[in-house]
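Count along the sequence shown starting at 1, add 11, and that's the number in my numbering.
Below: the structure, in structure tokens.
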Amino acid sequence: MGTTVESRLNEIEVFRTNAHLVNVVLQRNLEGISHEESLAQPCPGGNCLNWVLGHLLHVYNNALPLLHQEPVMEKKVLERYARGAAPLSDPAEAVPWNSLTKSWNEAARRVDEGLGRLSPELLDSPAPFSPTDNPEETVRSLLTTLFFHQAYHAGQTGILRRLAGKKGAIA
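If you want it as structure tokens, here you go:
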């Protein structure tokens with residue numbers, strides 16, 4: 012194998028590690044949270060755990076086809092959790108917590124499986140979409156942005172866990 016291919020394989024392993032760490036943080040921070048607790052609103056503003064997890068799932072759901080994996084939920088179910096959506100204040104608009112957590116677990120599994128099968132050559136290909144409206148977006152830059160985004164919001168779940176009345180899960 013040439014060094015370029017080895018370098019790209021290493022990049023894919025970095026993406027897999029990032030995805031794994033995001034999942035570990037989420038598993039710890041979401042443990043023991045009820046549906047009602049997932050709806051606790053931060054003051055003076057922001058989004059509840061239910062919205063943050065739904066948003067993370069929305070992002071993975073949209074990225075799964077890039078990794079040659081099927082989405083875990085219908086897109087319209089997760090529209091409420093899209094970027095820029097208003098805070099989730101009406102419990103009737105929330106996807107049940109159990110459904111979100113089960114779907115997240117499956118999405119995380121599919122992301123890892125998809126990354127494990129990702130062709131190193133695909134990294135330099137044009138991305139099918141760009142959340143930053145970058146006309147030069149590649150699969151590499153899209154995945155970099157995606158995993159930064161997921162880590163950013165995974166960190167928020169630690170604070171939201173405490174706001175829901177639970178002890179911190181990561182020491």
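From the three backbone atoms N, C-alpha and C, an ideal C-beta is built for every residue, glycine too.
In the three-state reduction of the DSSP assignment, Pro-131 falls in the helix class.
Taking 8 Å as the upper bound for CB-CB distance, Ala-165 and Val-150 are not in contact here, some 22 Å apart.
Taking a 10 Å sphere around the C-beta of Gly-95, we find fewer than 16 other C-beta atoms and assign the residue as exposed. Glu-48 is classed as buried because its beta carbon has at least 16 other beta carbons within 10 Å across all chains shown.
Between Leu-64 and Pro-102, the alpha-carbon positions lie close to 15 Å from each other.
Note that the C-beta distance between Ala-30 and Leu-153 is not below 8 Å. The criterion of a C-beta distance shorter than 8 Å is not satisfied by Ala-74 and Leu-174. His-79 has its alpha-carbon roughly 19 Å from the corresponding atom of Leu-67. Ranked by Cα distance from Ser-110, the options Arg-120, Val-122, Val-83, Leu-134 are led by Val-83. Taking the CA atoms as reference points, Val-88 sits about 17 Å from Pro-76. In its chain, beyond the 5 residues on either side, Val-83 have a beta carbon closer than 6 Å to the beta carbon of Glu-117.
Within the same chain, and ignoring the five residues on either side of Ser-100 in sequence, the residues whose Cβ sits closer than 8 Å to its Cβ are Gln-52.
Beta-bridge pairing by DSSP links Pro-137 to Thr-149.
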